[in-house]
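In this note's numbering, the protein residues as written are 1284 to 1514. Each residue gets a CB set at the ideal place from its N, CA and C atoms; glycine is no exception.
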DNA sequence: AACCAGGACGTGA
DNA sequence: TCACGTCATGGT
């Protein structure tokens, strides 16, 4: 029952919202300019991003900057870094706090995020084109489970399922997970009931976010959710 | 004018 | 472990 529901819901989400084209990147000339809150950079159906090292790093920074923050604000911060020509780990390490803060400010928590981005840049340089282990990322100050999984999935194509607040909100509402399930428990439910495929995980998480913006952003959450008829 | 946003960390029990 | 406060800007 639950087994099948996870996949059934994915198929329904795809019908409702179509492919999302994550992870959004600032440098791509927009295939999906209609999407609210995004300037450009979605690439629906193309799961081969990132194509360059710069894009990979941009995804990682975006994963940090979007912590408890809406994407339009994050885009402003990333474009700020790009405008200042410091959207690269070496450049970030060489930049003054004042300059970093100025760029990061629109995405909120600028004191914490400036520090997080510095620490991550150092780590990223040390990586030398390798794929980091999940535990390695989790050991870094400022990177929790969702940020680690987002980086692994969207920058490195590691099939690890990303769980966020929306995931918890939707699936508790549908009574498919328990209210107090841990991050790892929820992640496990999805991974055990889906083929281990990074393209599927990519699309599923993005669809969850899109769906939640439609039906789970205003209280009471999920009242009009069309997924309820499937359960 | 509250409330929420693609969380993570520090603290005290 | 775990519940709770804190961090901060911007959109609705």
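- Closest in C-alpha terms to residue 1489, from the list 1447, 1456 and 1458, comes 1447.
- Taking C-alpha positions only, residue 1496 is separated from residue 1506 by approximately 13 Å.
- Within its own chain, the residues whose Cβ lies closer than 8 Å to the Cβ of residue 1352, once the five positions on either side in sequence are excluded, are 1390, 1391 and 1392, listed in chain order.
- A direct Cα-to-Cα measurement between residue 1341 and residue 1361 gives close to 8 Å.
- Ranked by Cα distance from residue 1307, the options 1469, 1498 and 1324 are led by 1324.
- Collapsing the DSSP output to three states places residue 1415 in coil.
- Listed in chain order, the non-local C-beta contacts of residue 1450 below 7 Å within the same chain comprise 1469 and 1491, local neighbours out to five positions each way being set aside.
- For secondary structure counted as the alpha helix (DSSP H) over 4 or more consecutive residues, the stretch 1323 to 1394 holds these complete runs in sequence order: 1336 to 1348, 1354 to 1366, 1372 to 1377 and 1380 to 1387.
- With a cutoff of 7 Å on beta-carbon distance, residue 1339 and residue 1431 are scored as not near each other.
- Burial of residue 1347 is indicated by the presence of at least 16 other C-beta atoms within 10 angstroms of its C-beta.
- Per DSSP, the continuous alpha helix (DSSP H) segment holding residue 1454 begins and ends at 1448 to 1456.
- For residue 1428, the enclosing alpha helix (DSSP H) starts and ends at 1428 to 1433.
- Sequence-distant partners of residue 1388 (beyond 5 residues in either direction) whose C-beta falls short of 6 Å from its own C-beta are missing from its chain.
- Here residue 1367 is near residue 1386, since their CB atoms are less than 7 Å apart.
- Secondary structure of residue 1424 (DSSP, three-state): coil.
- It is roughly 32 Å from the alpha-carbon of residue 1350 to the alpha-carbon of residue 1512.
- Annotation: residue 1416 to residue 1445 spans about 15 Å, alpha carbon to alpha carbon.
- Following the DSSP letters along the chain, one finds residue 1477 in no alpha helix (DSSP H), marked with neither H nor E.
- Under the three-state reduction of DSSP, residue 1439 is assigned to helix.
- With a 10 Å radius around the Cβ and a threshold of 16 neighbouring Cβ atoms, residue 1509 comes out exposed.
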